[in-house]
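K.L.:
Last residue of the sequence shown: 100 (the working numbering), numbering continuous.
Before I ask anything, here is the structure I am working with.
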Amino acid sequence: MAKYKNQGTVNVDAVTNSILSNGGGINKGNNEDGSTHISVYSRTENRHISYDKDKDGNISGVHSSNNGYPYMDYKGGK
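Structural data, given as structure tokens:
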């Protein structure tokens with residue numbers, strides 16, 4: 023089960039920049055609580071990352087996958 027829930031830290035900026043620099047796309051939407059939901063996806067590889075960012079820049083709800091294997095999560099907020 024551990025390979026499906028890798029609890030640890032994720033460098034959201036590094037993953038986002040890596041995906042976007044390889045031709046990926048990004049979608050942003052507003053949540054009811056005022057935070058922004060961000061999804062970054064690759065157009066050529068089977069990988070993505072999605073997360074919520076509040077007005078103070080705190081990050082939560084990080085989910086990512088690479089080659090069909092889901093990973094998560096993000097400890098400590100910002």
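Just so you know, even glycine gets a beta-carbon here, dropped at the ideal spot from N, CA and C.
1. If you draw a straight line from the C-alpha of D35 to the C-alpha of I41, how long is it?
2. What do you get for G46, buried or exposed, if any count of 16 or more other CB atoms within 10 angstroms of its CB means buried?
3. Return the bridge partner residues of S61 from the DSSP annotation.
4. Output the boundary residues of the beta strand (DSSP E) element that contains V84.
5. I'd like the list of long-range same chain contacts for N49, defined as Cβ closer than 6 angstroms, with 5 residues on each side in sequence excluded.
6. For I71, tell me which candidate among S87, R65 and I81 has the shortest Cα-Cα distance.
7. Pick helix, strand or coil for N44, following the three-state DSSP scheme.
8. Below 8 angstroms between beta carbons: does that hold for D74 and N53?
P.N.:
Looking at the coordinates:
1. Distance between the alpha carbons of D35 and I41 is about 10 angstroms.
2. Result: buried.
3. N49 and S72, per the DSSP bridge assignment.
4. Element bounds for V84: I81 to N88.
5. S61
6. Out of S87, R65 and I81, S87 has the C-alpha closest to the C-alpha of I71.
7. The answer is coil: DSSP assigns N44 none of H, G, I, E or B.
8. yes
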